[in-house]
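Numbering (the numbering used here), first residue to last: 18 to 289. Here the structure is laid out as structure tokens; the discussion comes afterwards.
Structural data, given as structure tokens:
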């Protein structure tokens, strides 16, 4: 029996600005795939910079909570459904996030870097007229700035997200090339009793690697990291549990015997 991961702990529905799939459609697909459970982690990115397509990452928290709780009840016998959020971290948002997390009963909180000093690498202007490596380094430095300002999340999301959108993606990127700063990030995460996620989104972006890449996941384990959640970052049903067989193999090869699921903000370790 090969290792299996039966929880997808990073997904979006139409409550997130960049998805138009209903929550119920995501749930139906997860049931079809025989998952044990899922966690919705809708985007909340306050102070998101203006974009060419006028995206805003606001979130109607009341409607989201109400819908999720009613669907949780409806599908209780078929699927565990957890209530999560993906916070778009920026240092100046730390206090408002601390207040928000006191008011809602989330199971799971991902903190992610999307906006770096006013730019989201998703849009090409972050890379314009600059060395790709300088952009990547700035992205990693911003993670350290976020960790210094705020550590109220459970895991740090897709640590090398920036490589999905670089001009050369990950052709010239490796853990070794950025080892100094990546080690500092991983040590800081471990010191703060936080986890990381293995995000299989990198596979559906054609990187041949998850985010973060295998070498970063292995290094996190070497440094003593134990908390690792798994999510496909699906914004549509077809991507749910995407390449989870590869994710399970990577965790096992990296020395993990368990993956992590959060309930009521507490980690539960599930055997691979």
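C-beta: ideal position from N, C-alpha, C; glycine also.
Query: When the Cα of residue 200 is compared with those of 225, 46 and 240, which residue comes out closest?; Result: 240
Query: Nearest to residue 277 by CA position, among 216, 224, 255 and 114, is which residue?; Result: 216
Query: Please work out which residues of its chain come closer than 8 angstroms, Cβ to Cβ, to residue 281, disregarding the five sequence neighbours upstream and downstream, and give them in chain order.; Result: 122 and 124
Query: At a cut of 8 angstroms, does the region 208 to 226 reach the region 93 to 104 through at least three beta carbon pairs?; Result: no
Query: Start and end of the alpha helix (DSSP H) containing residue 31?; Result: Premise fails: residue 31 is in no alpha helix (DSSP H) and is neither H nor E.
Query: As a quick exercise: from 234, 198, 182 and 135, pick the residue whose alpha carbon is nearest that of residue 213.; Result: 234
Query: Can the beta-carbon of residue 198 be found less than 8 angstroms from the beta-carbon of residue 154?; Result: yes
Query: By Cβ distance below 6 angstroms, which residues in the same chain neighbour residue 279 in space, the five residues on each side in sequence not counted?; Result: 124, 125 and 171
Query: From the DSSP output, in three-state form, read off residue 245 for me.; Result: strand
Query: From the DSSP output, in three-state form, read off residue 37 for me.; Result: coil
Query: Hey, residue 38 and residue 253 are a contact pair by Cβ (cut 8 angstroms); roughly how many whole angstroms apart?; Result: 5 angstroms
Query: Below 6 angstroms CB to CB, which residues in the same chain sit around residue 229 once its five sequence neighbours on both sides are set aside?; Result: 176 and 177
Query: What is the DSSP secondary structure of residue 66, reduced to helix, strand or coil?; Result: coil
Query: With residue 105 as the anchor, note down where its beta strand (DSSP E) starts and where it stops.; Result: 97 to 105
Query: What residues in its chain sit with their C-beta under 6 angstroms from that of residue 159, if we drop five residues either side in the sequence?; Result: 130 and 133
Query: Between which two residues does the alpha helix (DSSP H) containing residue 217 stretch?; Result: From DSSP, residue 217 is part of no alpha helix (DSSP H); its letter is neither H nor E.
Query: List the endpoints of the continuous beta strand (DSSP E) containing residue 277.; Result: 275 to 280
Query: Alpha helix (DSSP H) containing residue 114: first to last residue?; Result: 111 to 120
Query: If contacts are defined as beta-carbon pairs under 8 angstroms, then residue 209 and residue 164 qualify, I think. What distance do you get, rounded to the angstrom?; Result: 7 angstroms
Query: With a CB to CB cut of under 8 angstroms and the five nearest residues on each side skipped, what residues in its chain are close to residue 96?; Result: 44, 47, 48, 52, 53, 54 and 55
Query: In this structure, what does DSSP give as the bridge partners for residue 61?; Result: 104
Query: What's the gap between the Cα of residue 23 and the Cα of residue 260?; Result: 12 angstroms
Query: Exposed or buried, what is residue 109 when buried is set at 16 or more other beta-carbons lying within 10 Å of its beta-carbon?; Result: exposed
Query: Please determine, among 166, 232, 76 and 185, the residue with the shortest C-alpha to C-alpha distance to residue 205.; Result: 166
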